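See below for the structure under consideration.
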Amino acid sequence: MDLSEFAEEVGDHGPVTIAGLATRGGPVDGVRPVMAPAGIDWVKPEEMTVQCGAGTPVEEIDDALAAFGQTVVVPPNGTIGGALAVGRSGIRRLGHGPMRDALLQARYVDAAGRIVKAGGPTVKNVSGFDLCRLLVGSWGTLGFLGEVILRTRPRARFEQWFVTDRDPFELIRHLYRPVSVLWDGERVWVLLEGHPNDVDRAATALGLVAADPPAELPTGGRWSVPPGQLASLPGTGRFVAEVGVGIVHHERPQPERQADPAVHRLHRRIKHEFDPEGRLNPGIDVLALS
Amino acid sequence: MTLVDDLRAAIGAAHVRTGPTELSLYRRDASNMAGSSSVVCLPTSTADVQACVTIADRHGVAFVARGSGTGLSGGAVPLDGAIVIATSKMNRVLSVDAANGQAWVEPGVLNLDLTRHVEQFGVHFAPDPSSQQTCSIGGNVANNSGGPHCLAEGVTSSHVLAVEVVLPDGSCTVLGGEDPEPLGYDLRGAFVGSEGMLGIATSVCVKLTQNPPAVRTMLMDFATVDDGAATVSDIIAGGMVPAAVEMMDQLCLQAVEAYIHADLPVHAAAALLVEVVGMPEGLDADVAAIVAIANQHRVGTVRVAQDDAERALLWKGRKSAFGAIARIKPNYYLHDTVVPRSRLPEVLAAVYAIAERHELQVLNVFHAGDGNLHPLLVYDAREPGVLERVHLAGEEIVKASVAAGGVLSGEHGIGLEKRDYMPLMFSDVDLEAQAALRRAFDPLERANPGKVLPSPATCGDIHAVPEGAWV
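Below, the structure written as structure tokens:
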């Protein structure tokens, strides 16, 4: 994918912000917006990889991969670039792993308007520092993603949501690799996948009842807590917690978290090295997001 | 006070070694490169490591973190008299939270010891390098190590939640966290695989993986390497990600059979060791589908392990390959590149042609499922001029892999071995971005300098090139 036009738009001076489909907050107000190229370059089912522009809608990639019985570990809606930049995994993280592991290679435009490649095209690669991990969740403050290669995974041949009122922390010990276990303090929703007979047997053994997933998740706050602390949530307000993961979809914002001074120092230095003039997505402080 | 006096005063004289035998031992890793160290420190705590790094900083001396020294790319080889800080005495499992699949361990804990420690809880640490009996978790973090079972489970980065680190300025902090979305940049992710150049890990929070309820392991042999490789591609394209897909070629099968007598198919051109894990019915369906694919590619025999003993024997065949090779020649040079799975046949053909051209024997035993090649060039170092041929052949193998759309290393890292090949994959601008990350952590370049990132200075500086390096 030719990124030269995108790189020129980003340029090398003056504040600039990256815009997608505005599903995750949108660009920085009052700053010149640019958009990453969209479109799928290729799907290689036998490599389990896909290359696309960062501006490609997540649904478009998922549809293209569905034809090959594959999918990507990226939560729905918005663009691929936006999902990666924000770095928040979907509710299937327990079974499918965090989204950050899906990014194999990125070509991004840096603060000097140059096209930079991070990572490599193969599913396994330890050549050099792992800048891809740094880019995921960096909110466009270190560079603007232009084109990415993602790891895909097989689509489940069968999946089913169930509901139960069992204790989720006891339940999870009896399940093999559940895809998702959600808990609102009373009910537990479980997503299982695999061979239908295996799913059915596990559900029957544990008294799970087929059901729809929770209709909606509270959106007041997205808490991140060690999974061992989830049991103390009841009494804090309405919530749906991702058991085994530690994400809590809460009606209230998460109580303030503080990063260590050394971590603050590293953030300042990294930002200074990658964007010395602070021109990329100005005003976004990744340590202050909640 | 001198550097050594300072170190002795800080962590105890018994933990600071300067004897010629020890300095000689610590000047190399498991590669064939060697450097030089002025002093070896054996800290027993995070505070000890902090003291060593602070003293190094005060004296303006570089330091090199070292685990078990099993690295194959020269990453732990000290250059120009650097201080070696070996974490082998920091080998305690600090805590295990089996219910949540987390454990905090010191960096000197050995990979297999960790899995043995937690097996009572029905969990394991997924990365399983062939050196897992001797390699350390700290080394795994530094190299972002892989192993046969990383095909389905991912490499070390996917199994590290947090790292307590001593930064090159002597400060100590935790990168990442026990919670799923720690604040800010993924510094944990940036640190894993940084080959000791961003600081020293002093404690690691690892993710533990649930043991599968059922396992099927099978060995399939093929009359051509191409048939085996095509089987691998079709399994993946067919929507299955087995726990492991390993390939051994004929020379390797013969060497291993002579060594362990496991009734291996020594007349086949290649054999695939395929393992699938999960729930029973899904497994039976997977095995049937894999055998059907193999049949389309003219598989010879399919041997499904009937019990744990047979399964262990098949894996012993795979894992003892490196020992078995000593029957052919006393020395070997193990390579590590990755190519797209679909290019395996042509790159393997190129590897055989390269070896033949340089009059060398080559064995292939590798992680076929993720295209991670491990050509082993076997030789006798006493033969005049042979090392030169081994290095030339190695260089050609690396170049052929990258030219096929592959990468320099899948799990061994860059270290010194492939430092000057980085421009095959990365432009100056790409490399500058990696150097920027390094500067943010270590502006004075105290932590393991001279590794991974090539620079005009190191290319021209003869002192930075240790004996045995390719450059």
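Line order of the protein sequences matches chains A and B.
Following the working numbering, the numbering of the first sequence begins with 11 at its first residue and continues without gaps.
Following the working numbering, the numbering of the second sequence begins with 21 at its first residue and continues without gaps.
We put the beta carbon where it would ideally sit given N, CA and C, even for glycine.
Just so you know, these numbers come straight off a predicted model, no measurement behind them.
Subject >> N163 (chain B) versus A263 (chain B) - alpha carbon distance >> reply: 21 angstroms
Subject >> Host beta strand (DSSP E) of R161 (chain A) (start-end) >> reply: 154–164
**OP:** Excluding the 5 residues preceding and the 5 following D481 (chain B) in the sequence, name in chain order all residues of the same chain whose CB lies nearer than 8 angstroms to its CB.
**Re:** Any answer about D481 (chain B) is weak, because its pLDDT of 43 lies below 50 and its placement is not dependable; what the coordinates show is given next. None.
Original post:
Residue range of the beta strand (DSSP E) that F172 (chain A) falls in?
Top reply: 169–174
Original post:
Hey, how far is the Cα of V41 (chain A) from the Cα of P263 (chain A)?
Top reply: 27 angstroms
Original post:
CA-CA distance, G248 (chain B) and I310 (chain B)?
Top reply: 12 angstroms
Subject >> According to DSSP, residues forming a beta bridge with L104 (chain A) >> reply: Paired residues: none, contrary to the question.
Original post:
Taking 9 angstroms as the CB-CB limit, is L195 (chain B) close to chain A?
Top reply: yes
Subject >> Where V219 (chain A) falls, given that 16 or more other Cβ within 10 Å makes a residue buried >> reply: exposed
Original post:
How about T33 (chain A): is its C-beta nearer than 9 angstroms to some C-beta of chain B?
Top reply: no
Original post:
How big is the Cα-Cα spacing for Y279 (chain B) and R377 (chain B)?
Top reply: 28 angstroms
**OP:** Using DSSP bridges, identify the partner residues of M238 (chain B).
**Re:** B:V294, B:V324
**OP:** Check each residue of the region 220–240 of chain A: if its Cβ is closer than 7 angstroms to any Cβ of chain B, include it; give the result in chain order.
**Re:** S234, V235, P236, P237, G238
**OP:** Identify every residue that forms a DSSP beta bridge with R458 (chain B).
**Re:** Answer is none; R458 (chain B) lacks a bridge partner.
Original post:
For L297 (chain A), which residues of its own chain have a beta-carbon under 8 angstroms away from its beta-carbon, when the five flanking residues on both sides are left out?
Top reply: A269, V273, H274, H277
Subject >> Cβ shell of A64 (chain A) (< 7 angstroms), same chain only, five flanking positions each side left out >> reply: A46, T89, I90, G91, L155, G156, E157, V158
Subject >> For H260 (chain A), the three-state DSSP class (helix, strand or coil) >> reply: strand
Subject >> Exposure label - G21 (chain B); buried when at least 16 CB within 10 Å >> reply: In the sequence as displayed, the identity of residue 21 (chain B) is Met instead of Gly. Counting Cβ neighbours within 10 Å, M21 (chain B) comes out exposed, since fewer than 16 surround it.
Subject >> Contiguous alpha helix (DSSP H) assignments of at least 4 residues, all confined to the region 42–98 of chain B >> reply: 66–79
Subject >> Proximal residues to T38 (chain B) (C-beta, below 7 angstroms), its chain only, five neighbours per side dropped >> reply: V24, V59
Original post:
R86 (chain B): buried (16+ other C-beta within 10 angstroms of its C-beta) or exposed?
Top reply: buried
Original post:
Which value, in whole angstroms, describes the spacing of the CA atoms of P98 (chain B) and P178 (chain A)?
Top reply: 50 angstroms
Original post:
Using 8 angstroms as the threshold, is the region 71–84 of chain B in touch with the region 108–117 of chain B, meaning 3 or more CB pairs across them?
Top reply: no
Original post:
Which term fits S427 (chain B), buried or exposed, when burial requires 16 or more other beta carbons within 10 angstroms of its beta carbon?
Top reply: The sequence shown places Val at residue 427 (chain B), not Ser. When all chains shown are included, V427 (chain B) counts as buried.
Original post:
So which residues on chain A does V449 (chain B) lean against when the C-beta distance must stay under 7 angstroms?
Top reply: R124, V126
Subject >> Spatial neighbours of Y46 (chain B) in its chain, beta-carbon cut-off 6 angstroms, leaving aside the 5 residues before and after >> reply: S57, V60, V104
**OP:** Please check if any C-beta of chain A sits within less than 9 angstroms of the C-beta of Q326 (chain B).
**Re:** no
Original post:
Beta carbon of T251 (chain B), beta carbon of A314 (chain B): below 9 angstroms?
Top reply: yes
Original post:
According to DSSP, is L473 (chain B) helix, strand or coil?
Top reply: coil
**OP:** Report the partner residues of F182 (chain B) according to the DSSP bridge assignment.
**Re:** Residue identity check: residue 182 (chain B) is Ala in the sequence provided, not Phe. Note: A182 (chain B) sits in a beta bridge opposite B:G196, B:C225.
**OP:** Can you grab the Cα-Cα spacing for the pair P67 (chain A) / V84 (chain A), in whole Å?
**Re:** 11 angstroms
Original post:
Looking at the structure shown, is D100 (chain B) part of a helix, part of a strand, or coil, going by DSSP?
Top reply: coil
Original post:
When the cut-off is 9 angstroms and only beta carbons count, does I482 (chain B) lie next to chain A?
Top reply: Caution applies to I482 (chain B), whose pLDDT of 39 falls short of 50 and renders its modelled position unreliable; the value that the coordinates give is listed next. Not one chain A Cβ lies under 9 angstroms of I482 (chain B).
Original post:
In chain B, what lies closer than 9 angstroms to T66 (chain A) by C-beta?
Top reply: Within 9 angstroms Cβ-Cβ: nothing; T66 (chain A) doesn't reach chain B, min ~22 angstroms.
Original post:
What in chain A is Cβ-close to P474 (chain B), meaning under 9 angstroms?
Top reply: Within 9 angstroms Cβ-Cβ: nothing; P474 (chain B) doesn't reach chain A, min ~10 angstroms.
Original post:
From the DSSP output, which residues share a beta bridge with E252 (chain A)?
Top reply: A:L192
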